[in-house]
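Asks:
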Amino acid sequence: MAKRFEGKVAIVTAGAKERDVLTVIGDLREENVQKELVDRTVEKFGKLDILIHNAGGAAPDMTPRQGFQMTINDYDYIMELNLRAIVSLTNLAREHLIKSKGEIVVVSSIAALPYGNSKMPYYAMSKAGLDQYMRALAVEMIEHGVRVNGVNPGIVRTTIIHKQGVTSEVMEQAEQFILSDKDFLPSRTIGLPEDIAKAIAFLADRNSSSYIIGHSLVIDGGSNLINTLISLIQMDFSKP
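Numbered as in the numbering used here, the sequence shown ends at 337 without a single skipped number.
#1: For the alpha helix (DSSP H) that contains G345, what are its first and last residues?
#2: Any contact between the segment 313 to 320 and the segment 234 to 241? By contact I mean 3 or more CB pairs, one from each, below 8 Å.
#3: Classify R191 as helix, strand or coil using the three-state DSSP reduction.
#4: Among residues of its own chain, excluding the 5 on either side of A301, which ones have a beta-carbon nearer than 6 Å to its beta-carbon?
#5: Express the C-alpha separation of Q229 and F165 in angstroms, rounding to a whole number.
#6: Start and end of the alpha helix (DSSP H) containing L314?
#7: Grab me the residues of V135's own chain with a C-beta within less than 6 Å of its C-beta, minus the 5 sequence neighbours each way, in chain order.
#8: Among residues of its own chain, excluding the 5 on either side of A217, which ones have a beta-carbon nearer than 7 Å to its beta-carbon?
#9: When you compare each of L210, L125, N246 and R285 to Y174 by their alpha carbons, which one comes out closest?
#10: What are the residues that DSSP puts in a beta bridge with R148?
#11: Check whether the segment 170 to 184 and the segment 135 to 144 touch, using three or more Cβ-Cβ pairs below 8 Å as the test.
#12: Looking at the strands, I want to know which residues DSSP matches up with N249.
#13: Less than 6 Å between C-beta atoms, sequence neighbours within five positions excluded: which residues of the same chain meet that for L282?
#14: Determine the DSSP secondary structure at R137, reduced to helix, strand or coil.
#15: Going by Cα to Cα distance, which pick from V243, R285, S277 and V184 is closest to Y308?
#16: So which of I108, Y219, P211 and A296 has the shortest CA-CA distance to L119?
#17: Taking the alpha helix (DSSP H) that L210 falls in, what are its first and last residues?
#18: Are there 16 or more other CB atoms within 10 angstroms of the CB of P211, so buried, or fewer, so exposed?
#19: Rounding to the nearest angstrom, what Cα-Cα distance links P290 and E133 in this structure?
#20: Quick check on DSSP: helix, strand or coil for R285?
#21: Which residue wins for smallest C-alpha separation from V315, given the options I297, N304, R303 and S305?
#22: Out of curiosity, what's the CA-to-CA distance linking E127 and G213?
#23: Grab me the residues of E272's own chain with a C-beta within less than 7 Å of its C-beta, minus the 5 sequence neighbours each way, in chain order.
Right, here's the structure in full:
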């Protein structure tokens, strides 16, 4: 994968851990942090080829609030981080990406798919908005030689749930339940960060995906194929 992007300069808004990187620490919702990220990248590397919108979140803190019990401040935080910051950062990076005929990949979620999500309505709203923004941006930017695509991950083993106060024990129990039946998760495997990274790399590599524009690539082990209610009805509850 390293040779695939040899000579390219990418901004990844979260998760980069390789050498030869420029680290900028700050709240991505703040425009001065966004500007510093773009300016210092171009200053150090002389150009910008790829923008990966990977930062995001479902709540501002480890709050027990869920669903519509979340406050308007929770709503503002989620929308600012998951949507407004992406629009603003893209605007700042736009001319550099046009100059390099670059790539943009946004990281959305299967929460954006057209199903009601009463436990995390604002998160789902932000990701659905992000998908629509990605498609509109793709139409606009391809005229300038810049491709825009997105990925929609499903269940992935990361620390994001732990950061919201969920214990490892609860997470393990939830995983075991999900993996207990192929009618919950056909692959019967929990995704890993590498699974998402490889898909992002594919979409960011013009040699591999040059004719893919404005596409939302779902990476979820097949979970979106399943009607959960039907699966529950078909479960054998006589088993211990």
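From the three backbone atoms N, C-alpha and C, an ideal C-beta is built for every residue, glycine too. Values in this document were obtained by computation on a predicted structure and should not be read as measured data.
Replies: Reading it off the structure:
#1: Only positions 98 to 337 of the chain appear in this structure, which leaves residue 345 out of reach.
#2: no
#3: Your numbering for residue 191 matches position 94 in the sequence shown. Helix at R191.
#4: Along the sequence shown, read from residue 1 onward, the residue named residue 301 stands at position 204. I147, E200 and V202.
#5: Reading the sequence shown from its first residue, position 68 is the one you call residue 165. Reading the sequence shown from its first residue, position 132 is the one you call residue 229. Looking at the two C-alpha atoms, the distance is approximately 23 Å.
#6: As a position in the sequence shown, residue 314 is number 217, starting the count at 1. Run containing L314: none in the alpha helix (DSSP H); it sits in the beta strand (DSSP E), S313 to I316.
#7: Counting from one through the sequence shown, the residue named residue 135 turns up at place 38. Result list for V135: L189 and A190, in chain order.
#8: In the sequence shown, counting from the first residue as 1, residue 217 sits at position 120. Contrary to the premise, residue 217 reads as Met rather than Ala in this sequence. Around M217: A155 and A208.
#9: In the sequence shown, the residue the question calls residue 174 occupies position 77. It is L125 whose Cα lies nearest to the Cα of Y174.
#10: Your numbering for residue 148 matches position 51 in the sequence shown. The question names Arg, yet the displayed sequence has Leu at residue 148. Bridge partners of L148: I108 and I201.
#11: no
#12: Here residue 249 refers to the residue found at position 152 when the sequence shown is read from its first residue. Bridge partners of N249: V315.
#13: What you label residue 282 is simply residue 185 of the sequence shown in a count that begins at 1. If we look at L282 and ignore the five residues flanking it on each side, its Cβ neighbours are I275, G318 and S320.
#14: Position 40 of the sequence shown, counting from 1, holds the residue named residue 137. Correct three-state label for R137: helix.
#15: Stepping through the sequence shown from its first residue, residue 308 is reached at position 211. The shortest Cα separation from Y308 among V243, R285, S277 and V184 belongs to V243.
#16: Taking the first residue of the sequence shown as position 1, residue 119 is located at position 22. Checked all of I108, Y219, P211 and A296; the closest Cα to L119 is I108.
#17: Here residue 210 corresponds to residue number 113 of the sequence shown, with the count starting at 1. Here L210 belongs to no alpha helix (DSSP H), and DSSP marks it neither H nor E.
#18: As a working mapping, residue 211 is identified with position 114 in the sequence shown. When all chains shown are included, P211 counts as exposed.
#19: By one-based count along the sequence shown, residue 290 stands at place 193. By one-based count along the sequence shown, residue 133 stands at place 36. C-alpha separation (whole angstroms): 27 Å.
#20: As a first step, residue 285 is located in the sequence shown; it is residue number 188 there, counting from the start. Three-state DSSP puts R285 in coil, outside helix and strand.
#21: Walking along the sequence shown from the start, residue 315 turns up at place 218. Residue I297 is the option with its Cα nearest to V315.
#22: The sequence position of residue 127 within the sequence shown is 30, counting from 1. The sequence position of residue 213 within the sequence shown is 116, counting from 1. In a straight line, the C-alpha of E127 is about 30 Å away from that of G213.
#23: Numbered from its first residue, the sequence shown carries residue 272 at position 175. Hits under 7 Å: I287.
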